[in-house]
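Student: Before I ask anything, here is the structure I am working with.
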Amino acid sequence: MSPVFPTVREVLALDPVRRGAPRLVAGEAGLDRPVRWVHVAEVPDIATLLGGGELVLTTGIGLPADDAGLRAFIGDLAEVGVSGLVVELGRRYPAEVPRVMVVAAERRGLPLVELRRATPFVRITEAVHALIVDAQLHELRATEEIHQRFTDLSVEGAGAAEVVRQAAELAGCPVVLENLSRQVLAYDPAGESADLLLDGWEQHSRRIRPTGRTAYDVASGWLVTTVGARGQDWGRLLLRWPAGADLGDGRPVGAPPTRLTILVERAASTLALGRLIRRDAEGLERQLHRTLLTALLDHSRPVDEIALRARALGVTLDRRHLVGIMVRHRRDTTAGHPSPGEGGPPVDGPGPPPPPTARPAPTTSPDPEAGPARLRDLAEAVGQALRETKLSGLTSPVDDQAVGVLLALPDAAAEERALAAFAAALRRRHPDQPSPGGSGHRLTVIVAAGSGVGSLREVRRSLVEARQLAEAARRDRRDLPIFRLPHVGLAGVLHLLRDEPRLQTFVERELGALLAHDAQHPREQLLGTLRAYLEQGRNKSAGAAAAHLSRPAFYERLARIGRILGVDLDSVEACLSLHVALLALDAIRTP
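Here it is, written out as structure tokens:
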């Protein structure tokens, strides 16, 4: 990218200048100085009228005659910061400029050029000023595009990754967004190596200390602006200028053009505005955590890229023992509030039918209170538990019910201790809560952990296993700190298989006739009678008490069930099959 103004080198390449047969006699180191304007002068004290950045054209007829005066003339021009001095030979200096001028200009690094043939200065002035105007018009158009592009991104509610990508595309340079802890939230290497860009980022970033809210750090070559609004800064946006250390000839590149400063500031404003709009949503860090966890679950990104992005976020997944965890709510019956069908004296005769599920098991119907706000609270508690236990990992909601965690441990020996510490900290941060509305239930937290793995390529298995365990644990009556694979019983396995057509066919084959009968005779509900009988270990007296029926009425119902299903309820094998079918029916009916 070129600066707004042409350099002395570019001016010397213009046709009107080349017709004058230019020859550089001093100050080669200053050829890349920008030329802000062209000024024709024939008086020795012209420096007092200049502001810096001018290319001075002269025939020399008004310059001092003595060496001291010429040295002072060159010194004054250098002091005010002119870009260069062009002297037309012929009128004052027939063959060459005085040696004293050459030495003085070389000492001050001021480009001194001889024009060995006469050329109209007005042609040079017109050409240079046209170049400046064209460059400024190009800059204006580029600035307009920047404003339009980021205005569109603001309106669309684009995420941080998209804003950074667009900034890198417009600049043609690497762009990095970091938080105040120097962790990378988003980046775009602009075609360069992401590994080289992010390697040791935190240490590198802490060495970039520009002065001011937006400034260019010459030592590191990064243009930096602060990101934030309303007095609350939360990050920095960095643009590397130039992409290399020089332009190929060993000379350092100057500060970036104005439009890049405008670009980073406009991009930072878009990021800040987006954060304000989404202030009630997930933070940028959590969004990136969710992106990475989701990518691991659905194989949407290469694991090497996930490891790189996680490392830039401050989470190392390489050469770690990794454990997938799922955390979700379960709505349990609160002690002291009997479920329907519990307590009360036995009933003689049909009476009001007991519900099909007359047992104090966890309620597994959808929890209307478990909305986005409750899930955010759970996600925040999980993050706090990780920080409290000083554990490293990725964590974010992975769907509308569960918060996923990928724990990165130094070795397998630390697994049990780390999981126990995490579960205990989470219980302290997020204890059981009564459900709103006096429903007689409490919300408890389930922590399910998959098997630990030693490679990021295997981590999907651990995360999927944890998700399945959390689903199965919703039907478990136990209040375990952590659910692991050995804790999943038959009910849990059936819950995991609830979408399997063969299991559904089995349930219909075993219980279909009884379900059809209950649908036609809703006051009897023989399914509840069968459940009470089987859950009491085929003890008819205990089953009658559990179903709140007299024993004769209970016996009569069992006989009708046997006839409807065509089975012998005294057969252990038949009852085992029916009990499994009942558990499978519960799993299928569970959302």
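When the count follows full-length UniProt numbering, it moves up by one through the sequence shown with no breaks and lands on 591 for the last residue. Quick reminder that beta carbons are idealized off the backbone N, C-alpha and C, glycines included. Bear in mind that the values here come from a model prediction, so they are computed numbers and not experimental data.
Just checking my contact of A402 with A470 at CB under 8 Å: how many whole Å lie between their CB atoms?
Tutor: Sure, about 6 Å apart at Cβ, within 8 Å.
Student: Would you please state the rounded distance, in angstroms, between the beta carbons of L177 and W234? I believe it to be under 8 Å.
Tutor: Actually they do not touch by this definition, with Cβ atoms about 10 Å apart.
Student: Roughly how far, in whole angstroms, is the beta-carbon of I74 from the beta-carbon of L24, given that I think they are within contact range, below 8 Å?
Tutor: With 8 Å as the limit, I74 and L24 do not qualify as a contact, their Cβ atoms being about 15 Å apart.
Student: In whole angstroms, what separates the C-alpha of H329 from that of R477?
Tutor: Rounded to whole angstroms, H329 to R477 spans 14 Å at the Cα level.
Student: Which one or two residues does DSSP pair with P34 in a beta bridge?
Tutor: According to DSSP, P34 bridges with T7.
Student: Taking 6 Å as the limit between beta carbons, can you name the residues of its chain near V40, skipping five residues before and five after?
Tutor: L57 and F121, listed in sequence order.
Student: Could you have a look at Y93 and say whether DSSP puts it in helix, strand or coil?
Tutor: Three-state result, Y93: coil.
Student: Have a look at residue 598 and Q536 and give me their C-alpha separation to the nearest angstrom.
Tutor: With the chain represented from 1 up to 591, any question about residue 598 goes unanswered, as that position is not in the structure.
Student: Cβ of T151 versus every heavy atom of the ligand MN: is any distance shorter than 7 Å?
Tutor: You won't find the ligand MN in this model; it holds no ligand whatsoever.
Student: Enumerate in chain order the residues of its own chain whose CB-to-CB distance from L70 is below 8 Å, with the five nearest sequence positions on each side excluded.
Tutor: Taken in chain order, the residues that qualify are L63, P64, P98, V100, M101 and A104.
Student: Ordered along the chain, which non-local residues of its own chain (more than five positions away) have a Cβ less than 8 Å from that of P353?
Tutor: Low confidence applies here, because P353 scores a pLDDT of 39, under 50, leaving its location unreliable and the question unanswered by this model.
Student: Count Cβ pairs between the segment 116 to 134 and the segment 147 to 162 that sit closer than 8 Å; are there 3 or more?
Tutor: With the cut-off at 8 Å, the segment 116 to 134 and the segment 147 to 162 do not touch.
Student: I'd like to check one pair, T316 with S193: are the Cβ atoms closer than 8 Å?
Tutor: Against a cut-off of 8 Å, the Cβ pair of T316 and S193 comes out as no contact.
Student: Over the uninterrupted alpha helix (DSSP H) stretch that includes R201, give me the two end residues.
Tutor: Going by the sequence as given, residue 201 is Trp instead of Arg. First-last of the alpha helix (DSSP H) with W201: W201 to R206.
Student: With a threshold of 6 Å on Cβ separation, who are the neighbours of R91 within its own chain once the five nearest residues in sequence on each side are excluded?
Tutor: Counting only Cβ-Cβ distances below 6 Å, and skipping sequence neighbours, we find T59 and I61.
Student: Since L534 and L582 are thought to touch, with beta carbons under 8 Å apart, how far apart are those beta carbons, to the nearest angstrom?
Tutor: With a Cβ gap of about 7 Å, L534 and L582 count as contacting.
Student: Mapping the DSSP letters down to three states, classify R169 as helix, strand or coil.
Tutor: For the sequence presented, residue 169 should be read as Glu rather than Arg. Helix, per DSSP.
Student: Cutting at 6 Å between CB atoms, please list the residues of its own chain near R286, excluding the five before and the five after it.
Tutor: Correct list, in chain order: S396.
Student: Count Cβ pairs between the segment 184 to 202 and the segment 169 to 176 that sit closer than 8 Å; are there 3 or more?
Tutor: Cβ pair count under 8 Å is three or more, so yes.
Student: Straight-line CA distance for G53 to A47?
Tutor: Each residue's Cα considered, the two are about 12 Å apart.
Student: Are T225 and V163 close, meaning C-beta to C-beta below 8 Å?
Tutor: No, they are not a contact pair.
Student: Can you tell me where the beta strand (DSSP E) with L24 in it begins and where it stops?
Tutor: Note, L24: beta strand (DSSP E), P22 to A26.
Student: Using the DSSP secondary-structure output, state which residues sit across from E88 in a beta bridge.
Tutor: Answer is L115, bridged to E88.
Student: Determine the closest residue to S300 out of R457, E388 and E202, with distance taken between C-alpha atoms.
Tutor: The residue with the shortest Cα to Cα distance from S300 is R457.
Student: Between R91 and chain B, is there a C-beta pair that is closer than 8 Å?
Tutor: In summary, chain B is missing from the structure at hand, where a single protein chain is found.
Student: My guess is that H289 and L394 are in contact by the Cβ rule of under 8 Å, so how many angstroms apart are they, rounded?
Tutor: Their Cβ separation, rounded to whole angstroms, is 5 Å, which keeps H289 and L394 in contact under 8 Å.
Student: Give the straight-line distance between the Cα atoms of residue 601 and P257, rounded to the nearest whole angstrom.
Tutor: A query on residue 601 cannot be resolved here, the shown segment of the chain reaching from 1 to 591 and no further.
Student: Consult DSSP for residue 600 and reduce its assignment to one of helix, strand or coil.
Tutor: Nothing can be reported for residue 600, as the shown portion of the chain is limited to 1 through 591.
Student: In or out: A385 buried (at least 16 other Cβ within 10 Å) or exposed?
Tutor: A385 is buried by the Cβ-count criterion.
Student: Does DSSP put G452 in a helix, a strand or coil?
Tutor: Three-state result, G452: coil.
Student: So which of F5, L378, D199 and S550 has the shortest CA-CA distance to A255?
Tutor: Selected option, being the one with the closest Cα: F5.
Student: Need the endpoints of the alpha helix (DSSP H) that E79 sits in, please.
Tutor: Per DSSP, E79 belongs to the alpha helix (DSSP H) from D67 to V80.
Student: Mind checking which residues open and close the beta strand (DSSP E) that includes R236?
Tutor: That run of the beta strand (DSSP E) goes Q232 to R240.
Student: Below 8 Å on the Cβ atoms is my contact criterion, and I expect L50 with V82 to pass it. Report the Cβ-Cβ distance as a whole number of Å.
Tutor: Between V82 and L50 the Cβ distance is about 6 Å, and since that is below 8 Å, they are a contact.
Student: Out of T261, L238, V507 and L284, point me to the one whose CA is closest to A158's CA.
Tutor: Considering only alpha carbons, the answer is L284.
Student: Taking C-beta to C-beta, are V453 and I325 nearer than 8 Å?
Tutor: Contact flag unset, no.
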